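The next block holds one structure in the form of structure tokens; read it before the comments.
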Amino acid sequence: AAGESRTVSVSPAEIPGLHLENPRLWWPNGYGDQAMYDLDLRVKCGGAESDVRRVRFGVREFSYELTADTPRGEEIRFEFQPTNDVRDGEPLFDTFHRRVVQQDVVVPALREGVDVSRLRRIGKDATSPYLVLRCNGVRIFCRGGNWGMDDGMKRVSRERLEPAFRLHREEGFNMVRNWTGESTEEIFYTLCDEYGMLVWNDFWISTEGSNLNVNDEDLFIENARQTVKRFRNHPSIAVWCPRNEGYATPTMA
Amino acid sequence: SDDATWTLAGGWEMTDADRVVAEGGSLFSPAYDTSGWYNAVVPGTVLTTLVDAGVYPDPYYGLNNMAIPESLCRTEWWYRIRFDKPADVAGRRVWLNFEGINYRADVWLNGRKLGDIRGAFVEGLFDVTECFSDHNVLAVKIYPPYNPGIPHEQSKAAGRGPNGGQLCLDGPTFISSEGWDWIPGIRDRNIGIWQDVTLAYTGDVTLAYPQVVTDLPLPDTSSADVTVRMEMTNHAAVGRHVVLCGRIDGVTEFEYPVEL
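So this is what it looks like as structure tokens:
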């Protein structure tokens, strides 16, 4: 209807051409090419072109697994990492992490007879858990840099950034952490795509203080929502991480 | 950048709000004198412009950081650009899009306030069809943070402190804007129009935020299902029958009818 806005979705069920045979895959640096496809979208209204968009995307699929050994040697596998932030000797869990812990760690652990009280200390005192990333089914050994420290000038042209990406590639690195979201800009993700750098993408929420929520939660969420929508097609983005040195606010979870 | 989108990349000027008040006159008058304004670097920050203009040295080198005054984080700034209509606009909708400003801005075109933008990572999209003309003046007022913060060393008494952290009472921005306890605190260096500003023509129905999801039947990688989603909006006063056309690498083509 007039003024209507809605989500339109097309898949191989409606468009058989969207089933690709022998696709060129996107791989992290060192594991294969960084193949990309261009999708041109046009909407025609009464025969005239109303709007156009071009999207670059890569064909790839990530899967994740977190593994830890307990002090007694049991191997625990879970989907996502519970926080190991500790205050006064007690772990801090927000809603999101409580949910994850209950569903993915504690419940299976109880079922398997593991001492849950020990589980909580895995990240702090015992063997640190490790995150396993698979790209296109292949386990990836991730090595890379932690980018941040804004210089206040926002000099983020391709000419200025590309030498650093080339250095990363020639060092055999395949990962960049967008520390606290400092590099949340199109050219950063474009270069990560082109150079095969997996992105661990922080959001820009405060890293310090008392783990308080940001003061304007709605504004934060709107910025986060648009960031995901604008950049999610970049095949290099492997992890959306709520924040640095802390955990997601309840709304974000 | 194509036959329907242009980037407003050159011709930006910038000055502090005090000068605008002192000089008087309308920013939107063709006769408005900007000879005392700086040539602005867009995209960039206020500091980028001031370094480019030679007001301050490049803070990246030596102790130049200390040459940037405290007042920078407490000053309001105006950006202004004049531009002519780039192509015939009859029957088309005209959009201005700010891909990123920091921290808060009011946006004006030809004397009309279009709205505001808050947060460094949201887009500011404005339908300017009604106030667009052959000769245009776009003005943007950029506000500093409510509280630029005071970095201090973490201690048992002070806690972890906001050292390097988010500016107080503000929305999402760059996190090291406050300063650190191991260098002199020079706060708020990131204010400005830090991403591109574009002008676009469309018809009544627009596309936004397309999403492409690729699904491999792992461990088999010999085929992939591609799903495409997008937000489609009808800006007209009546319903529209439209056709979504897609093409992947010039090979796979499809058409999909949509009623809005």
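Sequence lines, in order, name chains A and B.
Counting in our numbering, the first sequence runs without a single skipped number right up to 256 at its last residue.
Counting in our numbering, the second sequence runs without a single skipped number right up to 264 at its last residue.
Ideal Cβ positions, reconstructed from N, Cα and C, are used throughout, including at glycine.
Predicted, not measured: the structure shown is a model, and the values here were computed from it.
Element boundaries [beta strand (DSSP E), containing B/H239]: One-based indexing of the second sequence puts residue 239 of chain B at position 235. Neither: B/H239 is in no beta strand (DSSP E) and is coded neither H nor E.
is_contact[A/R90, chain B] using C-beta, thresh 8 Å: Translated into the one-based positions of the first sequence, residue 90 of chain A becomes position 87. Low per-residue confidence applies at A/R90: pLDDT is 36, beneath 50, and the placement is therefore not dependable enough to give any value.
Residue environment, A/Q105, which counts as buried when at least 16 other CB atoms sit within 10 Å: The residue labelled residue 105 of chain A in the question sits at position 102 within the first sequence. With a pLDDT of 37 at A/Q105, under the threshold of 50, the predicted position of this residue should be treated as unreliable, and no value is reported.
DSSP state of A/K232 mapped onto helix, strand, coil: Sequence index remark: in the first sequence, residue 232 of chain A carries index 229 (1-based). Helix.
Pair within 8 Å by beta-carbon distance, A/W182 and A/C244: Position 179 of the first sequence, counting from 1, holds the residue named residue 182 of chain A. Position 241 of the first sequence, counting from 1, holds the residue named residue 244 of chain A. Cβ atoms of A/W182 and A/C244: not closer than 8 Å.
Proximity test, Cβ basis, 8 Å: A/P26 and chain B: The residue labelled residue 26 of chain A in the question sits at position 23 within the first sequence. Yes - at least one Cβ of chain B is within 8 Å of the one on A/P26.
CB-CB length for A/S53 against B/V209, believed under 8 Å: Here residue 53 of chain A refers to the residue found at position 50 when the first sequence is read from its first residue. Here residue 209 of chain B refers to the residue found at position 205 when the second sequence is read from its first residue. Confirmed, about 5 Å.
Proximity of B/E134 and B/N101 at Cβ, strictly below 8 Å: What you label residue 134 of chain B is simply residue 130 of the second sequence in a count that begins at 1. What you label residue 101 of chain B is simply residue 97 of the second sequence in a count that begins at 1. No; because the gap between Cβ atoms is not below 8 Å, this pair is not in contact.
A/V55 beta carbon less than 8 Å from that of A/L23: Working through the first sequence from its first residue, we reach residue 23 of chain A at position 20. Working through the first sequence from its first residue, we reach residue 55 of chain A at position 52. Their beta carbons are not under 8 Å apart, which means A/L23 does not touch A/V55 by this criterion.
Under 8 Å by beta carbon: chain A residues contacting B/W10: Within the second sequence, residue 10 of chain B is the residue found at index 6, counting from 1. Simply none; closest approach about 14 Å.
Simplified DSSP assignment, three categories, for B/A71: The residue given as residue 71 of chain B occupies position 67 in the second sequence. Helix, per DSSP.
Sequence-distant residues of its chain with Cβ nearer than 6 Å to B/R233 (five each side left out): Sequence index remark: in the second sequence, residue 233 of chain B carries index 229 (1-based). Cβ within range, chain order: Q215.
Alpha-carbon to alpha-carbon, B/E17 and B/I195: Position 191 of the second sequence, counting from 1, holds the residue named residue 195 of chain B. Position 13 of the second sequence, counting from 1, holds the residue named residue 17 of chain B. Cα to Cα, B/I195 sits roughly 15 Å from B/E17.
Interface flag, A/Q229 vs chain B, CB-CB below 8 Å: Within the first sequence, numbered from 1, the residue matching residue 229 of chain A stands at position 226. Cβ-Cβ to chain B under 8 Å: yes for A/Q229.
Cβ of A/E82 within 8 Å of any chain B Cβ: Taking the first residue of the first sequence as 1, we reach residue 82 of chain A at position 79. Low local confidence applies: a pLDDT of 40 at A/E82 is under 50, so the model's placement there is unreliable, and no value is given.
Cβ pair B/I105, B/G15 closer than 8 Å: Along the second sequence, read from residue 1 onward, the residue named residue 105 of chain B stands at position 101. Along the second sequence, read from residue 1 onward, the residue named residue 15 of chain B stands at position 11. No, the Cβ-Cβ distance between B/I105 and B/G15 is not below 8 Å.
CB contact check: B/Y260 to chain A, cutoff 8 Å: Within the second sequence, the letter at position 256 stands for residue 260 of chain B. Yes, its Cβ sits closer than 8 Å to a Cβ of chain A.
N-terminal and C-terminal residue of the beta strand (DSSP E) that B/A26 is part of: For the purposes of this step, residue 26 of chain B is taken as the residue at position 22 of the second sequence. Where B/A26 is concerned, there is no enclosing beta strand (DSSP E), although the alpha helix (DSSP H) it sits in stretches over A21 to E27.
Cβ contact (3+ pairs, closer than 8 Å) linking the segment 216-230 of chain A and the segment 191-198 of chain A: no
Backbone CA spacing between B/W81 and B/P148 [nearest angstrom]: On the second sequence, residue 81 of chain B is found 77 positions in, with the first residue counted as 1. On the second sequence, residue 148 of chain B is found 144 positions in, with the first residue counted as 1. Roughly 8 Å between the two C-alpha positions.
Where the beta strand (DSSP E) through B/T133 begins and ends: Here residue 133 of chain B refers to the residue found at position 129 when the second sequence is read from its first residue. No beta strand (DSSP E) contains B/T133, which DSSP labels as neither H nor E.
Short CB-CB distance (under 8 Å) between B/Y83 and chain A: In the second sequence, the residue the question calls residue 83 of chain B occupies position 79. No, because no Cβ of chain A sits closer than 8 Å to the Cβ of B/Y83.
Short CB-CB distance (under 8 Å) between B/P148 and chain A: Working through the second sequence from its first residue, we reach residue 148 of chain B at position 144. So no, B/P148 is outside the interface.
Unbroken beta strand (DSSP E) run spanning A/I18, endpoints: Indexing the first sequence from 1 puts residue 18 of chain A at position 15. From DSSP, A/I18 is part of no beta strand (DSSP E); its letter is neither H nor E.
CB contact below 8 Å: B/E80 versus chain A: For this step, residue 80 of chain B is matched to residue 76 along the second sequence. Not closer than 8 Å to any Cβ of chain A, the Cβ of B/E80 fails to qualify, so no.
Start and end residues, beta strand (DSSP E) containing A/I190: Residue numbering aside, residue 190 of chain A sits at position 187 when the first sequence is read from its first letter. Run containing A/I190: none in the beta strand (DSSP E); it sits in the alpha helix (DSSP H), E189 to Y198.
Contact list for B/T202 against chain A, beta-carbon separation under 9 Å: Reading the second sequence from its first residue, position 198 is the one you call residue 202 of chain B. Per Cβ cutoff of 9 Å: no residues; B/T202 is ~12 Å from chain A at best.
Contact between the segment 140-148 of chain A and the segment 166-178 of chain A (3+ Cβ pairs under 8 Å): yes
Rounded Cβ spacing between A/G155 and B/T79 (contact assumed at less than 8 Å): As a working note, residue 155 of chain A is residue 152 in the first sequence. As a working note, residue 79 of chain B is residue 75 in the second sequence. Actually they do not touch by this definition, with Cβ atoms about 14 Å apart.
Inter-stretch contact (C-beta, 8 Å, three-pair minimum) for the segment 251-258 of chain B and the segment 12-27 of chain A: yes
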